[in-house]
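Colleague: I have a structure I would like to understand better, so I am pasting it below and will then ask my questions one at a time.
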Amino acid sequence: GAGVSQTPSNKVTEKGKYVELRCDPISGHTALYWYRQSLGQGPEFLIYFQGTGAADDSGLPNDRFFAVRPEGSVSTLKIQRTERGDSAVYLCASSLNGGSSYNEQFFGPGTRLTVL
Amino acid sequence: GNSVTQMEGPVTLSEEAFLTINCTYTATGYPSLFWYVQYPGEGLQLLLKATKADDKGSNKGFEATYRKETTSFHLEKGSVQVSDSAVYFCALRGTNAGKSTFGDGTTLTVKP
């Protein structure tokens, strides 16, 4: 079956612009996660949804970052007033539910964001 | 908070050599531990996991044992292949699951 998909695969923008990154989780997965991976580092947690609500948004670095999941499926990560330091690969993952580590997280291919 | 420390790379081995990649962690409670692999041009894939102390996770010839006394989860393989060349990430999830905390990754290159 289809895995986690993310669009676009690459996004180049200018400093100060607004961007939206989309994640389509595996069908039936109620938990969805966003991570950010900078070059040479491991993924860093941003936010986790259980259904439509954000169960943990402790990783969002500041109020320029916002994410939604209005129908409990597709999620959009929104970044306002982008800065060069936002350049990274943004990863999305989903799992059957978030309440048990027995439920594997499946990762998408990521969106590479470059802020010029 | 939770943290994961991985052996720094890159690691370069000859085919059929023995592999160890060290991983230690700091966490409250009883986390679950994972190794993920990222092959060139591909996304993160779960390699193996262990959910409680003394559990051994294994897959594709790789093994790791959850050692609570040393807070470690070292990855091993007895005989590596060129196709094992990839970046390996150690990670943990807390007792309430939710987010994962990752190490910085170790790049492995296996030469024929």
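Protein chains in written order, with the numbering used here: chain A, 1 to 116; chain B, 1 to 112. No residue lacks a Cβ here, since even glycine has one placed at the ideal position from N, Cα and C. Model, not experiment: these values are computed from the prediction.
#1: Determine, using beta carbons only, whether GLU104 of chain A comes closer than 7 Å to chain B.
#2: With DSSP as the reference, label ASP86 of chain A as helix, strand or coil.
#3: Taking Cβ-Cβ distances below 9 Å as the criterion, which residues of the region 21 to 45 of chain A are in contact with chain B?
#4: Of the choices A:ARG84, A:SER94, A:GLY108, whose alpha-carbon is the least far from that of TYR102 of chain A?
#5: Measuring only between beta-carbons, confirm whether ASP56 of chain A sits less than 7 Å from chain B.
#6: Can you tell me whether ASP84 of chain B is helix, strand or coil according to DSSP?
#7: Classify ARG36 of chain A: buried if its beta carbon has 16 or more other beta carbons within 10 angstroms, exposed otherwise.
#8: Once you ignore the five residues that flank ASP86 of chain A on each side, which residues in its own chain have a CB closer than 7 Å to its CB?
#9: Using 8 Å for Cβ pairs, my map puts PHE89 of chain B next to GLY105 of chain B. What's the rounded Cβ distance?
#10: Quick check on GLY1 of chain B - is its C-beta less than 7 Å from some C-beta in chain A?
#11: In whole angstroms, give me the CA-to-CA distance for ASN97 of chain A and THR28 of chain B.
#12: How should SER75 of chain A be labelled, buried or exposed, when 16 other C-beta atoms within 10 angstroms of its C-beta is the threshold for buried?
#13: Hey, could you find the ends of the beta strand (DSSP E) LYS56 of chain B is sitting in?
#14: Sort A:ALA55, A:GLN41, A:PHE66, A:ALA54 by Cα distance to ALA91 of chain B and report the nearest one.
#15: Are ARG81 of chain A and GLY3 of chain A close, meaning C-beta to C-beta below 7 Å?
#16: Of the choices B:PRO112, B:LEU108, B:THR101, whose alpha-carbon is the least far from that of THR5 of chain B?
#17: How would you call LYS49 of chain B, buried or exposed, if buried means at least 16 neighbouring beta carbons within 10 angstroms?
Modeller: Well, looking at it:
#1: With 7 Å as the cut-off, GLU104 of chain A counts as an interface residue toward chain B.
#2: Reduced to three states, the DSSP call for ASP86 of chain A is helix.
#3: Per Cβ criterion, the list reads ALA31, TYR33, TYR35, GLN37, GLY40, GLN41, GLY42, PRO43, GLU44, PHE45.
#4: For the residues A:ARG84, A:SER94, A:GLY108, the minimum Cα distance to TYR102 of chain A belongs to A:SER94.
#5: At least one chain B Cβ lies under 7 Å of ASP56 of chain A.
#6: Note: ASP84 of chain B maps to helix in three-state DSSP.
#7: Classification of ARG36 of chain A: buried, given that the 10 Å Cβ count is 16 or more.
#8: Result list for ASP86 of chain A: ILE79, LEU113, VAL115, in chain order.
#9: About 5 Å; that satisfies the 8 Å criterion.
#10: Taking Cβ atoms only, chain A never reaches closer than 7 Å to GLY1 of chain B, which makes this a no.
#11: Their backbone Cα atoms lie some 22 Å apart in a straight line.
#12: So SER75 of chain A ends up on the buried side.
#13: Taken as a continuous stretch (DSSP letters only), the beta strand (DSSP E) holding LYS56 of chain B covers 56 to 59.
#14: Looking at A:ALA55, A:GLN41, A:PHE66, A:ALA54, the one whose alpha-carbon comes closest to that of ALA91 of chain B is A:GLN41.
#15: No, they are not a contact pair.
#16: Of the candidates B:PRO112, B:LEU108, B:THR101, the one whose C-alpha sits nearest the C-alpha of THR5 of chain B is B:THR101.
#17: With 16 or more Cβ atoms within 10 Å of its Cβ, LYS49 of chain B is classed as buried.
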